[in-house]
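**Q** Throughout the sequence shown, residue numbering follows this note's numbering, covering 1 to 369 in sequence.
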Amino acid sequence: MSEQAASALDVPWDSPPDSRDLIQEAVEWHFNPKTGSPFWQEQAKKLDFDPRTDVSSVEDLALFPNVVDELRHIRVEDLVPRGYESIGELPAPPVVGESGGTTGAPKRVFVLPDVREQSWAWYHNRLQEHGIRNGDNWLGCMPAGPHMAGIVAQDTAHRFGSVFFTLDLDPRWVKLLVGRGAAEEAKHYVTHIVNQLEWILQSQDVGVMVITPPLIEALCRRDNLVDLVNEKVNTIIYGGTSMDPDTRQLLRTEVFPQVDLVSIFGSTMIFCVMPERPGAADTDPPVFDPPSPFSMFSVIDPGTGKNVPYGERGQVVTHHITRNLFLPNNLDRDTGVRHPHRLGYPGDAVAEFRPVQEFGDTAVIEGVY
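Shown next, in the form of structure tokens:
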């Protein structure tokens, strides 16, 4: 086995390494001038500590400033670690993904095949725990383009050996309409999306539907669509915006009683999607366990920076630590309720994600995604 293959940075996400090993190897990789990216080499000059000697634990990640706002304008090429050149040519051009633009200009990251495979294989394996079957056709009612949600859905459908249907959806346009008070225009656009969904459901076999909560509510206004979903669909995977507990219980018990509803949470800044913890009762809120230590949550009191007690709400901080990207200590726009990770891994699990009303100087608009 080669030296690189033995690195904690290359261990499968389903068999994670010790967090200290991963963090120590990650800071050496990203801050060594021979292997680190131009972005982190510049950032290192502004730090009042040396990551290669002073950072070795999850707690130490709090030393880093939150740099994700710089991802709104930095060249993607400046984010790619130079070390990839030392282990051969880049295996493929980076796949670029953007945040939703909810809090301003979109933030932009990339992924190379090594981390893309690890992250999406981990997501596929978690969905298997929810009983999703091989071969069921998928319908993706999620944004594509610069948004990773649609790309992940298509890749995952293929991992299940399934046909993938999709539709046109531009969530940024909806947010602009909502932001300027154009409620009727936004309503017409949602109708346009649901019409596309209906055309597919009427003519095709669909066993799995990936969709956002506002679009679920919109399709529920058409009795024929509710009947089609109950007739054809085995699993609804939903995410992208929040859903209140009463709506979740109503959908699971009365509207779609024979359909499995699986909530997902994903973030471009931690480059992963996670399904809710399996086995939740209809009245339980979904709990999300990240692929620690590669992607981790902390739930903090933003006034003190300290973790809130388990069971209490705080603001979510994310960390992403892979060979591709090092993005620690990112204060997210969501709050959530803190739980211990179900496998005892470092960091927190989070339930009941809810966006703050304002983030920085920007009002938070969810729209349809």
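Glycine is no exception: its CB is placed at the ideal position from the N, C-alpha and C atoms.
1) With a threshold of 7 Å on Cβ separation, who are the neighbours of Pro-33 within its own chain once the five nearest residues in sequence on each side are excluded?
2) Thinking C-beta only, is Val-273 closer than 8 Å to Phe-297?
3) Of the choices Ile-300, Pro-302 and Gly-266, whose alpha-carbon is the least far from that of Asp-289?
4) If you follow the beta strand (DSSP E) that Phe-265 is part of, which residue opens it and which one closes it?
5) Note down the Cα distance separating Asn-329 from His-319, rounded to an integer number of angstroms.
6) How should Tyr-238 be labelled, buried or exposed, when 16 other C-beta atoms within 10 angstroms of its C-beta is the threshold for buried?
7) If I'm right that Arg-354 touches Asp-332 with Cβ under 8 Å, what's the distance once you round it to whole angstroms?
8) Buried or exposed for Asn-137, going by 16 or more other Cβ atoms inside 10 Å?
9) List the endpoints of the continuous beta strand (DSSP E) containing Ile-216.
10) Alpha carbon to alpha carbon, how far is Phe-164 from Leu-201?
11) Tell me where the beta strand (DSSP E) around Met-274 begins and ends.
12) Measuring only the C-alpha atoms, how far is Ser-292 from Val-308?
13) Taking only the alpha-carbon atoms, compute the straight-line gap between Arg-342 and Glu-312 and give it to the nearest angstrom.
14) Which residues does DSSP pair with Ala-351 in a beta bridge?
15) Can you find the residues in the same chain that come closer than 6 Å, C-beta to C-beta, to Ala-153, ignoring five residues on each side of it along the sequence?
16) Grab the span of the alpha helix (DSSP H) containing Phe-31 for me, first residue to last.
17) Confirm, please, whether the CB-CB distance from His-30 to Phe-326 is below 8 Å.
18) When you compare only the Cα positions, how much space is there between Thr-235 and Thr-322?
19) Determine the burial state of Gln-204: buried for a count of at least 16 other Cβ atoms within 10 Å of its Cβ, exposed for fewer.
20) Helix, strand or coil for Ile-236? Go by DSSP, reduced to three states.
21) I need the DSSP call for Leu-112, collapsed to helix, strand or coil.
22) Can you check whether the CB of Val-259 is closer than 8 Å to the CB of Glu-276?
**A** Taking the structure as given:
1) Gln-41
2) no
3) Gly-266
4) 260-267
5) 6 Å
6) buried
7) Not quite, the Cβ-Cβ distance comes to about 11 Å (not below 8 Å), so this is no contact.
8) buried
9) Careful: Ile-216 lies outside any beta strand (DSSP E), inside the alpha helix (DSSP H) at 213-219.
10) 12 Å
11) 272-275
12) 19 Å
13) 17 Å
14) Val-287 and Val-337
15) Gly-140, Met-142 and Val-210
16) 19-31
17) yes
18) 31 Å
19) exposed
20) strand
21) coil
22) no
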